[in-house]
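Residue numbers (our numbering), protein chains in the order written: chain A, 1 to 146; chain B, 147 to 434. See below for the structure under consideration.
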Amino acid sequence: MSLDKPYLDVPGTTIFDAEQSRKGYWLNQFCMSLMKAENRVRFKANERAYLDEWAMTEEQKQAVLARDLNWCIRLGGNIYFLAKIGSTDGKSFQQMAGSMTGMTEEEYRNMMINGGRSAEGNRYVGEDGDAQAHRQPQGSAGKKGI
Amino acid sequence: MAKITASVFTSHVPAIGAAMDLGKTHEDYWKPVFAGYDFGKQWIKDNKPDVIFLVYNDHATAFSLDLIPTFAIGTAAEYEVADEGFGPRPVPKVIGHPDLAAHIAQSVIQQDFDLTIVNKMAVDHGLTVPLSLMFGEQDPVKGAWPCPVIPFAVNVVQYPVPSGRRCYNLGQAIRKAVESYDEDLNVHIWGTGGMSHQLQGPRAGLINKEFDNAFLDKLINDPEAAASIPHIDYVREAGSEGIELVMWLIARGAMTDVAGGKPPKLAHRFYHVPASNTAVGHLILENT
């Protein structure tokens, strides 16, 4: 019998459940290692070599090198683990969260100051809110090069 | 005997800690957030607890994917402040209350809640930001938090997380456990995390003031109804990380009205958007 997963129809959202956790085990454990200052130094000195010490898939390594957090999450990453990469890069949580929306830092910050993203149209896949797949990327950062 | 006299509820946004640590509290962006805690800072001086039972979640800090306890009680004498990737916060280490913690662990397990007992762990912003908000800046070396703290970590990182109902019932068991401790102690129970926020994906930045304020209303006046909210409602309405609000139900469940006593007094209520990605909520309830 399959597990009950009522959260699969929430747009722009990946719930970190046991299945995602299995997929992302080494990716997330690599992130944990960045809580030690000496590991942050080694990672920054040669990211590829440091990543090669972990039993991650090649795609997971590419997603980390690209700092593409949406990609990392698709591959089993969890934001609280991935935040260690951002901290290593000197990024705030707001910069990290904003990077997943396609908005510039300023656009995202302004959205938050203006009360944040509305839940309207963003509760179920298939509605017309700004987090829906057909409305990505949302800001000018994601439209660069298009 | 020991008694829970009050519950404190607050968000534990890491950027709030960073704003304090970097001296940004007087910036226009942060002023309204900290103003919401002026009352609580004075209140806690006037109502100083002997021990704080602090419900929070670990953010992939002490617990990696190697070990994911649903409910973990800290029974250590002290707790280091964690390095979450940018060095530890400059705040004092946290002193525990091993004797009361061990007593609560035994009592609560005997009431059929299978806690994990932790004798060594570092504590992250989930625990230290609420302390900073209520007690203000403290020198990391010469300073000290005013009272011992029992950390109680809840898994809200990997699904499935405990239901609101489970948390609410657990709070009732914790109240019984505290009241069966012989020493006269004034205990506060704090529920932290939330309110609405989502930190991931194209839906990042979701805030829902209507949901949050309805949740505060329910938590104060009809905690049974708050305990009945299913996980999926938090995710849909309050964002994927809004699920942290289940932790508030542990603290609420520990109030005496839930066991047939009088309704608590609402000493303070505060709500503000935003702090970084998050809606900040804060309540103080006193047992009467």
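C-beta atoms are modelled at their ideal positions from N, C-alpha and C, and glycine is treated no differently. For clarity, every value in this text was computed on a predicted model and none was experimentally measured.
Query                                                                                                                   : Result
Proximity winner among B:M341, B:A165, B:K364, B:A218, relative to F180 (chain B) (alpha-carbon distances)              : B:A165
Buried/exposed call for G388 (chain B), threshold 16 Cβ in 10 Å                                                         : buried
Interface flag, A83 (chain A) vs chain B, CB-CB below 8 Å                                                               : yes
Simplified DSSP state of H414 (chain B), which is helix, strand or coil                                                 : strand
Near the ligand NAD: R382 (chain B) beta-carbon under 7 Å from a heavy atom                                             : The ligand content of the structure shown is nil, which means the ligand NAD is not present either.
Other residues of its chain near S422 (chain B): CB distance less than 7 Å, five sequence neighbours each side excluded : V159, A161
Contact with chain B by Y7 (chain A), beta-carbon distance below 8 Å                                                    : yes
Below-8 Å beta-carbon distance, Y305 (chain B) vs any chain A residue                                                   : yes
Minimum Cβ-Cβ distance from F180 (chain B) to chain A less than 8 Å                                                     : no
Where the beta strand (DSSP E) through Y202 (chain B) begins and ends                                                   : 197-202
Local conformation of K61 (chain A) per DSSP, three classes                                                             : helix
DSSP three-state assignment for R311 (chain B), whether helix, strand or coil                                           : helix
Identity of the residue in B:E356, B:E370, B:Y225 nearest A400 (chain B) by Cα                                          : B:E370
Contacts that Y80 (chain A) makes with chain B (C-beta to C-beta distance below 7 Å)                                    : H205, A206, V303
Proximity to G163 (chain B) [Cα-Cα], best of B:H271, B:S386, B:P410, B:E226                                             : B:H271
Counterpart residues of H334 (chain B) in DSSP-defined beta bridges                                                     : B:A152, B:I198
Selected residue, minimal CA-CA separation from I263 (chain B), among B:L211, B:A299, B:P292, B:V237                    : B:A299
Simplified DSSP assignment, three categories, for G272 (chain B)                                                        : helix
Where V201 (chain B) falls, given that 16 or more other Cβ within 10 Å makes a residue buried                           : buried
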